[in-house]
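With the first letter of the sequence shown counted as 1, position 16 gets the number 16 in the UniProt record's numbering; the numbers rise by one all the way through.
Ideal Cβ placement from N, Cα and C applies to all residues, glycine included.
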Amino acid sequence: LVETQLLFGLHGNQKLFPCEVCGRRFAADVLERHGPICRKLFNKKRKPFNSLKQRLQGTDIPTVRKVPQSKSQPVRKSNWRQQHEDFINAIRSAKQCTLAIKEGRPLPPPPPPSINPDYIQCPYCMRRFNETAANRHINFCKDQSSRRVFDPAQTAAKLVSRAQVNLSPLVVA
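Next comes the structure, spelled out in structure tokens:
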């Protein structure tokens, strides 16, 4: 039944033939007109439709051109192992602090801060920054150091005391 419907159409009054190119079925007289048109269309590669161009047509808005990406930045070596070890040490020290609080003992000293190898140290104040921040900061710090004299030992002592103040537990009365 389905084959007869395909061959003779839905109404059964004409025999339908498949197109060699697209496979659709047409009556013999229609297939003669459809064949060359279908071959011509299938030989052409269609351009993708640009909706932005279509939307902006007739307006005063200039088309925005994508800027080609500059050279790809060099891939830095991953330091996941160091980060993992730092994380494990932080968890261990937190457990020791929790245990000391439960037992009423004094808190253990905080773990030493790890030094990120990707960071650049400022020669003026000895602080460490990522590459872009270091470029900005070192210029700023250079100007500041020309105005007043920094003692690197004093600056390092300030950093240590600042770190201890930030790491001390919060006491709420």
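- Around the beta carbon of residue 26, a 10 Å sphere encloses 16 or more other beta carbons of the protein chains shown; the residue is thus reported as buried.
- Counting along the chain, the unbroken beta strand (DSSP E) around residue 25 starts and ends at 25 to 27.
- Relative to the Cα of residue 118, the nearest Cα in the group 35, 48, 79 belongs to 79.
- A Cβ-Cβ contact shorter than 8 Å links residue 89 with residue 111.
- For residue 155, the closest of 86, 122, 131, 134 by C-alpha to C-alpha distance is 122.
- For a cut-off of 8 Å, the C-beta gap from residue 139 to residue 128 is around 16 Å, too long to register as a contact.
- Following the DSSP letters along the chain, one finds residue 16 inside the beta strand (DSSP E) bounded by residues 16 to 18.
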